[in-house]
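Numbering of the sequence shown is given in the numbering used here, commencing with residue 90 and proceeding in unit increments. Just so it is clear, CB atoms sit at the ideal spot from N, CA and C, and this is done for glycine as well. Small disclaimer: the values here were computed from a predicted structure and weren't measured. What follows is one structure encoded as structure tokens, with my remarks underneath.
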Amino acid sequence: MADITAAMVKELRERTGLGMMECKKALEEAQGNAEKAEELLRIKSGAKASKAAARIAAEGVIGLYSAADGKLAAMVELNCETDFVSKNTDFLEFARTLAEKVALAAPADVAALSALDIDGVTVEARRQALVQKIGENMSIRRFERMESQTRVASYLHGVRIGVLVDLDGDETTGKDLAMHIAFSKPQFMSRDQVDANTIARERDILAARASESGKPAEIVAKMIEGGINKFLADISLLGQPFVKDDKLTVEKMLAARKAHLNRYRFFVVGEGIEKKQEDFAEEVRKQAARQ
Numbered sequence: 090m091a092d093i094t095a096a097m098v099k100e101l102r103e104r105t106g107l108g109m110m111e112c113k114k115a116l117e118e119a120q121g122n123a124e125k126a127e128e129l130l131r132i133k134s135g136a137k138a139s140k141a142a143a144r145i146a147a148e149g150v151i152g153l154y155s156a157a158d159g160k161l162a163a164m165v166e167l168n169c170e171t172d173f174v175s176k177n178t179d180f181l182e183f184a185r186t187l188a189e190k191v192a193l194a195a196p197a198d199v200a201a202l203s204a205l206d207i208d209g210v211t212v213e214a215r216r217q218a219l220v221q222k223i224g225e226n227m228s229i230r231r232f233e234r235m236e237s238q239t240r241v242a243s244y245l246h247g248v249r250i251g252v253l254v255d256l257d258g259d260e261t262t263g264k265d266l267a268m269h270i271a272f273s274k275p276q277f278m279s280r281d282q283v284d285a286n287t288i289a290r291e292r293d294i295l296a297a298r299a300s301e302s303g304k305p306a307e308i309v310a311k312m313i314e315g316g317i318n319k320f321l322a323d324i325s326l327l328g329q330p331f332v333k334d335d336k337l338t339v340e341k342m343l344a345a346r347k348a349h350l351n352r353y354r355f356f357v358v359g360e361g362i363e364k365k366q367e368d369f370a371e372e373v374r375k376q377a378a379r380q
């Protein structure tokens, strides 16, 4: 049997919102495979699909810059080792400066950004100097630059979630939409953008869950289709209930305000980065063994 650690149980709890013992049993049944354990829990308990933000695994901030004319904005994810450094004023200012540099210079990638000049010193040299000053490693992970003929709305939730929205609409609508995206973190803009594999995987889960209901086949089929429609609405921005008025979907809210969404992008600090889980008790045991 696979060794099920507390860290594995904790991560599965964060993904599904279910109890510790349920998650532990699912991991045991799945031989430690987290993805399979999540599917088992979703079949047995109806747990929702995990969101990307539940897998935050690194520290850092989002630097944001928005041009005065409202038609250009950029954001940069700058990572560090500890939450303490992410609150450092020099670190925060470096992130903001990077976002401004991305907006105004439009570098092709992180390497190109690192080679750019800031007051006679390259970005990379400034990063290295900041590492020396603060005493902790840091890295520029990614950036997004967005320019529009109409409007680019931007929103920073704390320092860990950044959103850019290109839309035809007024400033209030842009801000409301960006805030909604920061809250709901939609994986797709519309349901027709959801790939076939994602839908097929969800259909298999719904079918396995519905088959345990004991209902007639025609009812099971309707349950599956209803579940798919709800799933697609949940993960696609336009189909989600608008956070400031849940009687409207985002699509209907935009239509009522005569606005049109062209594209959007959001960053969540550390999303998708696997952070090493330290086992303190095991480390103490190893240290004792060496003495």
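Thinking C-alpha only, which one of GLN276, TYR154, ALA95, VAL150 is nearest GLU117? ALA95
Mark ALA141 as exposed unless 16 or more other C-beta atoms lie within 10 angstroms of its C-beta, in which case mark it buried. Only weak support is given to the placement of ALA141: the predicted model assigns it a pLDDT of 38, under 50, and the question is left unresolved by the model.
Tell me the rounded alpha-carbon separation between ALA310 and ASP259. 43 Å
Buried or exposed: VAL357, going by 16 or more other Cβ atoms within 10 Å of its Cβ? buried
Relative to the alpha-carbon of PRO330, which residue among ILE250, ALA299, SER273 has its alpha-carbon at the smallest distance? SER273
So is ALA197 buried or exposed if we call it buried at 16+ other beta carbons inside 10 Å? exposed
Who pairs with GLU166 in a beta bridge, going by DSSP? ILE151, ARG231
Quick check: ARG394 and GLY159, are their CB atoms within less than 7 Å of each other? Nothing about residue 394 can be read from this structure; the chain reaches only from 90 to 380.
Measure the beta-carbon distance from LEU107 to LEU130 and round it to whole angstroms, keeping in mind my assumption that it falls under 8 Å. 6 Å
Assuming contact is defined by CB atoms lying nearer than 7 Å, are LEU256 and GLY247 in contact in what I supplied? GLY247 is positioned such that its CB atom lies no closer than 7 Å to that of LEU256.
Terminal residues of the beta strand (DSSP E) in which LYS386 lies: The shown model of the chain, from 90 to 380, leaves out residue 386, and the question about it has no answer.
Using alpha carbons as the reference points, say which of GLN276, GLU170, ILE362 lies closest to TYR353. GLN276
ASN226 to ARG249, Cα distance in whole Å? If you take the alpha carbons of ASN226 and ARG249, they lie about 18 Å apart.
Bridge partners of SER325, per DSSP? PHE277
Taking the alpha helix (DSSP H) that ALA289 belongs to, which residues open and close that run? 285–300
Tell me whether SER302 is buried or exposed, calling it buried when 16 or more other Cβ atoms sit within 10 Å of its Cβ. exposed
For a quick check, are the C-beta atoms of SER203 and VAL210 less than 7 Å apart? no
Can you tell me whether HIS349 is buried or exposed? The criterion is at least 16 other CB atoms within 10 Å of its CB, across all chains shown. Under this definition HIS349 is an exposed residue.
Supposed close pair SER228, ASN318 - CB separation, criterion 8 Å: That belief does not hold up - the Cβ atoms of SER228 and ASN318 are roughly 41 Å apart, past 8 Å.
Where ASN318 falls: helix, strand or coil (DSSP): helix
Taking the C-alpha atoms as reference points, what is the distance between VAL254 and ASN351? 8 Å
Measuring CA to CA, which of GLU340, LYS333, VAL165, ALA214 is closest to ALA322? GLU340
Backbone CA spacing between THR261 and ILE324 [nearest angstrom]: 24 Å
From what residue to what residue does the alpha helix (DSSP H) around ALA200 run? 199–204
Using three-state DSSP, classify SER175 as helix, strand or coil. helix
Which class does ILE313 belong to by DSSP, given the choice of helix, strand or coil? helix
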